[in-house]
Structure formats: structure tokens, C-alpha cells
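Okay, structure first, notes after.
There are 2 protein chains.
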Amino acid sequence: RFPDRVVSRFSLYLRYLKQVGQEGVYLVTSSQIAQALHLTAPQVRRDLSYLGQFGLAGVGYNVKKLASTLEKVLGLNKEWPVVLVGAGNLGAALFSYSGFRRRGFKIVAIFDKDPKKAGTRWANVAILDIDRLPETIKQKDVKIGVIAVPQYAAQEVADRLVGSGVKAILNFSPCKIEVPDDVKLQDVDVTTELETLSWFLSQ
Amino acid sequence: RFPDRVVSRFSLYLRYLKQVGQEGVYLVTSSQIAQALHLTAPQVRRDLSYLGQFGLAGVGYNVKKLASTLEKVLGLNKEWPVVLVGAGNLGAALFSYSGFRRRGFKIVAIFDKDPKKAGTRWANVAILDIDRLPETIKQKDVKIGVIAVPQYAAQEVADRLVGSGVKAILNFSPCKIEVPDDVKLQDVDVTTELETLSWFLSQ
Ligand SMILES: NC(=O)c1ccc[n+]([C@@H]2O[C@H](COP(=O)([O-])OP(=O)(O)OC[C@H]3O[C@@H](n4cnc5c(N)ncnc54)[C@H](O)[C@@H]3O)[C@@H](O)[C@H]2O)c1
Ligand SMILES: NC(=O)c1ccc[n+]([C@@H]2O[C@H](COP(=O)([O-])OP(=O)(O)OC[C@H]3O[C@@H](n4cnc5c(N)ncnc54)[C@H](O)[C@@H]3O)[C@@H](O)[C@H]2O)c1
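Laid out in C-alpha cells, this is it:
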């Protein structure tokens with residue numbers, strides 16, 4: 065229904081509303097939101113109207129109400145069990161990252177093909193052999209998989225996740241992977257953030 | 065001069081051009097770029113006109129020429145020495161991440177306050193005590209710092225980086241840090257990508 069760029073703007077609005085809500089702000093206008101996020105007020109109004117949210121003319125939007133609508137629409141009012149594949153450096157950093165838990169994304173199982181890792185645990189979560197992926201996904205009703213394996217293994221891991229019934233994948237490996245149309249793939253690539261820095265330094 | 069959202073679109077255009085360039089495409093129109101990236105053709109034309117790039121009417125843009133203009137504008141035709149602070153899980157994953165080197169970002173020194181880590185090395189790069197930051201930044205003419213330390217230490221590390229002359233910071237720690245106006249701060253937060261997944265699954 066919506067392209068990713070619109071959805072990522074919903075996330076931006078939610079983060080902004082949470083921030084001003086904590087500062088005790090009760091109402092915000094589309095121009096205030098636009099100014100803070102480098103957008104135009106018409107763009108903000110159009111985006112929010114998709115969600116049936118229309119601010120009171122001249123007054124604005126109720127911060128708490130709009131934030132809770134965005135949370136519902138982004139599916140953040142639930143707890144999402146997640147499986148992590150790759151118990152290496154990145155996997156360890158993702159496992160202990162507080163940003164996931166805070167938004168209801170809970171890593172319930174970790175998989176690795178290294179026999180020295182399978183059978184151990186991080187905190188209270190077991191690291192299992194990759195062959196136990198299908199049974200765990202069924203047992204814990206998991207829809208989201210995170211890929212933190214080297215480039216050469218990423219497509220194979222994606223195929224195993226899809227084969228086990230996962231419907232959404234967060235891919236940290238730097239290569240293009242293919243998934244069927246009914247599976248949502250989101251790549252994470254920090255080079256865009258880095259390029260914003262080299263741009264700034266080249267001015 | 066440009067808000068970050070415009071610069072991050074320049075990165076998107078570059079990535080797209082590199083991809084189609086490899087597939088042998090010689091010319092692209094603004095509509096083709098817009099369609100591939102979920103943007104509108106007028107938005108693409110406006111962005112590229114900022115760079116003095118105007119496609120030939122009805123014919124489009126030369127892929128190789130436009131890509132090399134974008135590389136120059138994003139500062140990617142140089143090598144950027146980078147310091148990494150925090151030799152933990154995330155630091156290790158960032159150090160071995162091929163995506164950095166491919167775009168000319170080279171980690172030249174790693175810092176950590178843990179006495180057991182300072183004095184060791186990863187590949188051919190030394191892990192130094194955080195007190196050696198100022199001399200290293202001067203010696204290797206470093207402008208970019210990456211923060212991969214726990215939340216409680218992030219602001220202190222940012223202050224040390226700024227105090228040593230760094231002008232751009234990539235922050236992975238999940239808290240808001242303050243830097244002076246002449247320093248560019250870019251936070252990395254994968255929750256927006258995760259929220260795109262929970263959005264998709266809630267439809
Ligand atoms: N997007 C980013 O910002 C970013 C940053 C850092 C690293 N990375 C990427 O993340 C990935 C992991 O990096 P790392 O530093 O943690 O590597 P690592 O070598 O420390 O860890 C990789 C783990 O994957 C396991 N593995 C390999 N093949 C597997 C398979 N078929 N099934 C299950 N497990 C398998 C290995 O046993 C190992 O434990 C790499 O692709 C790297 O390029 C991305
Ligand atoms: N944005 C993201 O996607 C993302 C993902 C994973 C982790 N993180 C964040 O990255 C950070 C690092 O995570 P980690 O898993 O690598 O943690 P870690 O504990 O494995 O590593 C942290 C390292 O920082 C060092 N350190 C602490 N205080 C320091 C100081 N004042 N100066 C220098 N070094 C210092 C420690 O000695 C340790 O080696 C955390 O803030 C975490 O929340 C972000």
C-alpha cells in the first residue's frame with residue numbers, strides 16, 4: 065500500500081512526537097513537524113491524512129493521540145519474536161542492543177553453523193545449529209529473521225528463513241539477496257550515513 | 065547548503081546508477097530513476113539540477129557521467145582516514161565490514177579504555193588507549209570518528225573526538241549526543257528498518 069519511504073517518514077514522525085511529548089508539548093502543527101524534520105508542511109499533512117489523521121485547522125495535532133495511532137499503524141503495540149542468524153561480532157552487538165527490545169522486538173533464538181558455537185548461550189537465549197531453524201520458527205511463531213552472516217552465506221540463509229515461514233527479513237550482509245514477493249526484505253547499509261559525512265567534509 | 069534528506073537521495077541515485085551501469089545501461093531518464101526509487105520524476109530532476117546536472121530532453125542522463133559527478137559531490141573520490149572508538153562486538157563487526165573500505169573509508173586506529181584491549185591489534189591496526197586519541201588524530205589527519213561504545217560513555221567520547229579536532233561523527237550508541245555546530249553528527253539507528261518490517265506484517 066505505501067512505499068518504504070512513506071513508512072520511514074511515519075517512523076520519523078513517531079520519534080519526533082515521542083521526543084516533544086517527553087518535553088511536555090501537548091499540540092503540534094504540521095509546520096512545526098516539517099521544520100524539525102526538513103520536510104514541507106504539505107508533505108506532512110498528506111502523509112498523516114493517509115492514516116485518517118487531520119489536525120484541527122490552526123490548532124494542530126494532539127501529540128499523544130497521533131503518537132499512539134502511529135504506534136498502532138507501525139505494529140509497535142505488539143511484541144515481535146525475532147530469530148538472529150549469525151553469532152559473530154555483529155550478531156553479538158545486535159543481541160545486546162537495547163534499541164530492539166525497547167520497541168518490542170525480542171530475539172528468541174540465535175543460529176550459527178559453527179559447531180563450537182551451537183549448544184552455547186548468550187544471556188538466557190540458546191545458540192542453536194542452523195538445522196533447527198524450521199522447528200524453532202514454528203514453535204515460537206516467528207515472522208522476523210535477522211541476517212548477520214558473511215556475504216557468501218547470506219542468500220542460503222535467506223532461503224532457509226523463507227523456507228521455514230519467515231515473512232520479513234532484516235539483512236546486514238552487504239550483498240543483494242532475492243526473496244519471494246510475499247516476503248519483506250529490508251537491507252541495512254550504513255554507507256548512506258557515511259556518505260552524508262564525506263559530503264559535509266567536502267563542502 | 066542541503067538538508068540530509070537531499071544528500072541521502074544523492075547516495076540512492078549513485079547506488080542505482082552503479083547498479084544499472086554494471087548491467088550495461090548507457091542512458092537513464094528521470095522517470096526510470098524515480099520509478100526504481102519510489103520517488104517522483106520532478107523530485108529527481110530538481111535534486112539533480114542542484115548539481116548542475118540537466119538530462120537531455122527526451123533522452124535522459126549519461127549514467128557514467130552522472131555517477132562520477134555524484135561521487136565527486138559526495139566526496140567519494142578521496143580516501144578518508146577514520147578512527148573507531150570502542151573495540152567491542154560492534155566495533156569488531158565494523159572493522160571487518162567490507163562496505164566501509166569499498167567507499168574509501170579506512171579505519172586507521174581503534175581506541176578503547178579497557179586496559180586488556182589497548183596494546184593489542186586487529187589485522188594490521190593497533191588498539192590504543194583512549195588517551196592517545198588527540199596525538200593520533202593530528203598525526204594521521206583524521207576528520208571522521210565512529211562511536212561504538214555503550215550509551216553511558218557516548219557523550220564523553222564525542223567530547224574527546226571533538227576536542228581532538230574531528231569534524232564528523234558516526235554514532236551507533238542509542239542516545240542523543242550534543243556536538244558544536246561546526247561538527248556533523250550522523251546517528252545510526254536500525255529501528256526505522258525494523259519498523260518497516262512490523263508495518264508490513266501488520267497490514
Ligand atoms: N550493514 C552494516 O552496517 C554492517 C556492519 C558490520 C558488518 N556487517 C556485515 O555483517 C555480517 C557479519 O559480520 P561479522 O563481523 O559479525 O562476521 P563474523 O565472521 O564475526 O560472524 C559471522 C557468523 O556467521 C556464521 N555463519 C557463517 N555461515 C553461516 C551459515 N550458512 N548459517 C549460519 N551461520 C553462519 C559464522 O559461523 C559466524 O559466527 C557480514 O556480512 C558483514 O559484512 C554489516
Ligand atoms: N545502531 C545500531 O544498529 C546498533 C547495533 C548494535 C549495537 N549498538 C550500540 O553500539 C554500542 C556498542 O555495542 P557493543 O555490543 O559493541 O558493546 P560492547 O560492550 O561489546 O563494546 C563496547 C566497548 O566500548 C569500550 N568503552 C566503554 N567506555 C569507553 C570509553 N569511555 N572510551 C573508550 N572505550 C570505551 C568498552 O571497553 C568495550 O570494549 C552500544 O551503545 C550499543 O547500544 C548499536
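Each protein sequence line maps, in turn, to chains A and B. Residue numbers for the first sequence follow our numbering, beginning at 65 and rising by one. Residue numbers for the second sequence follow our numbering, beginning at 65 and rising by one. Glycine residues also receive a C-beta, built at the ideal position from the N, C-alpha and C atoms.
ask   = Which residues share a DSSP beta bridge with residue 126/A?
value = 91/A
Residue burial classification, residue 187/A (beta-carbon count within 10 angstroms, cutoff 16) = exposed
key: chain B contact residues for residue 257/A, given Cβ-Cβ distances below 7 Å   = 234, 250 and 252
message = Closer than 7 Å to a non-hydrogen atom of ligand 1 - does that hold for the CB of residue 188/A?
response = no
task = Report whether the distance from the Cβ of residue 218/A to the nearest heavy atom of ligand 2 is below 7 Å.
result = no
task = Kindly confirm or deny that the stretch 113 to 127 of chain A and the stretch 195 to 203 of chain A touch, where touching means at least three C-beta pairs closer than 8 Å.
result = no
request  = Evaluate the contact criterion for the stretch 209 to 223 of chain A versus the stretch 139 to 158 of chain A: three or more CB pairs, one atom per stretch, below 8 Å.
outcome  = yes
ask   = With 8 Å set as the bound, which would you pick, yes or no: does the beta-carbon of residue 139/A sit closer than that to a beta-carbon of chain B?
value = yes
task = For residue 208/B, go through chain A and note every residue whose CB falls closer than 9 Å to its CB, in chain order.
result = 258, 261, 262 and 265
ask   = How about residue 213/B: is its Cβ closer than 7 Å to a heavy atom in ligand 2?
value = yes
Where the alpha helix (DSSP H) containing residue 248/B begins and where it ends = Unbroken run through residue 248/B is the beta strand (DSSP E), 248 to 251; no alpha helix (DSSP H).
request  = Inspect the CB distances between the stretch 176 to 195 of chain B and the stretch 252 to 264 of chain B and report whether three or more fall short of 8 Å.
outcome  = no
ask   = Which ranges would you report for the beta strand (DSSP E) in the stretch 96 to 181 of chain A if only whole runs of at least 3 residues count?
value = 144 to 149 and 169 to 176
ask   = Applying a beta-carbon distance threshold of less than 8 Å, which residues of chain A neighbour residue 181/B?
value = The contacting residues do not exist; residue 181/B stays about 14 Å from chain A at best.
ask   = How would you list, in chain order, the residues of chain B whose beta-carbon sits under 7 Å from the beta-carbon of residue 156/A?
value = 153
ask   = What are the start and end residues of the alpha helix (DSSP H) that includes residue 85/B?
value = 68 to 86
ask   = Beta carbon of residue 207/A, beta carbon of residue 240/A: below 8 Å?
value = no
query = If you draw a straight line from the C-alpha of residue 154/B to the C-alpha of residue 171/B, how long is it?
reply = 14 Å
query = Taking the alpha carbon of residue 228/A as the point to measure from, which residue in 89/A, 247/A, 216/A and 235/A has its own alpha carbon closest?
reply = 247/A
query = Does residue 245/B have its Cβ less than 8 Å from a Cβ in chain A?
reply = no
query = Is the Cβ-Cβ distance between residue 78/B and residue 135/B less than 8 Å?
reply = yes
Sequence-distant residues of the same chain with beta carbon closer than 7 Å to residue 84/A, five excluded per side = 92 and 127
query = Just by C-beta distance, which residues in the stretch 67 to 88 of chain B are closer than 7 Å to chain A?
reply = 67, 68, 69, 71, 72 and 75
message = Between residue 329/A and residue 173/A, how many whole angstroms is the CB-CB distance? I'm expecting something under 8 Å.
response = It is not possible to answer for residue 329/A, since the shown part of chain A is limited to 65 through 267.
message = Given this structure, state the Cα-to-Cα distance separating residue 165/B from residue 105/A, to the nearest angstrom.
response = 39 Å
inquiry  = So, for residue 152/A: in the same chain, excluding its five sequence neighbours on each side, which residues have a beta-carbon less than 7 Å away from its beta-carbon?
reply    = 212
inquiry  = So with CB distances below 7 Å, who are the chain A contacts of residue 169/B?
reply    = 258
message = Can you tell me whether residue 77/B sits near ligand 2, meaning its C-beta is under 7 Å from at least one heavy atom of the ligand?
response = no
message = Between residue 231/A and chain B, is the shortest Cβ-Cβ distance under 8 Å, so that the two count as touching?
response = yes
ask   = Do we get a CB-CB distance below 8 Å when we pair residue 122/A with the residues of chain B?
value = no
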